[in-house]
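In my numbering, the protein residues as written are -17 to 181.
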């Protein structure tokens, strides 16, 4: 689908299908977290739906506008979510190759990472030592007790408030930047990794 300028525009139907699949995925995850069981038939339906939708989207190596960037990100996230769910239902432990596949990490990024880490190891360690010398930590930082219902509800309320603020700020920024509207904002908010289900 193309807009009046001939650029590829993301289809509303695709966004609707994406939203339906995301809601179905979340429903399965919430059910599983409560009953410790997986409705395999529904999960397979969601995985297949994500893969079909991913295959229907074009491969865009170098996005030229906001719609193409959004389509590219949607395709990447659909692949990642389907791979994650497929691996989840298999019960197998995660290995390096699985994580690379889920997040579609480019090979060149992996090849460049180790030299960068080695190059920055010494200054990073020096920064840590300086921070340690200036700090006087008197207690342990304990993780959030998310298994306690009242604590979990309070944390979710704080997160919800912050996310709503994030949506407003990013939405205004995107509209000023490219006037692409709310369709792309939906994709960014839905498929951004920050909105993964908390385990």
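Glycine included, every Cβ here is placed at the ideal spot set by N, Cα and C.
What you are looking at is a predicted structure, and each value in this text was computed from that prediction instead of being measured.
Environment of residue i [buried if 16+ CB atoms lie within 10 Å]
{"i": "residue 63", "result": "buried"}
{"i": "residue 53", "result": "buried"}
{"i": "residue 67", "result": "buried"}
{"i": "residue 28", "result": "buried"}
{"i": "residue 49", "result": "buried"}
{"i": "residue 65", "result": "buried"}
{"i": "residue 3", "result": "buried"}
C-alpha gap between residue i and residue j, whole angstroms
{"i": "residue 10", "j": "residue 146", "result": "24 angstroms"}
{"i": "residue 51", "j": "residue 44", "result": "8 angstroms"}
{"i": "residue 133", "j": "residue 70", "result": "27 angstroms"}
{"i": "residue 77", "j": "residue 97", "result": "22 angstroms"}
{"i": "residue -16", "j": "residue 47", "result": "For residue -16, the predicted structure reports a pLDDT of 48, less than 50, and the residue's modelled location is therefore unreliable. The matter cannot be settled from this model."}
{"i": "residue 115", "j": "residue 103", "result": "18 angstroms"}
{"i": "residue 17", "j": "residue 42", "result": "40 angstroms"}
{"i": "residue 153", "j": "residue 118", "result": "40 angstroms"}
{"i": "residue 26", "j": "residue 8", "result": "14 angstroms"}
{"i": "residue 108", "j": "residue 140", "result": "35 angstroms"}
Close beta carbons around residue i, own chain, < 7 angstroms, minus the five adjacent residues each side
{"i": "residue 61", "result": "36, 86"}
{"i": "residue 14", "result": "20"}
Cutoff 8 angstroms; reference residue i; Cβ partners in own chain excluding five residues on either side
{"i": "residue -1", "result": "31, 35"}
{"i": "residue 82", "result": "92"}
{"i": "residue 22", "result": "71"}
Anticipated Cβ contact below 8 angstroms, residue i with residue j, distance rounded
{"i": "residue -6", "j": "residue 6", "result": "Incorrect: roughly 19 angstroms between the Cβ atoms, too far for contact."}
Contact set for residue i: own chain, Cβ-Cβ below 6 angstroms, skip 5 residues either direction
{"i": "residue 84", "result": "62, 65, 66"}
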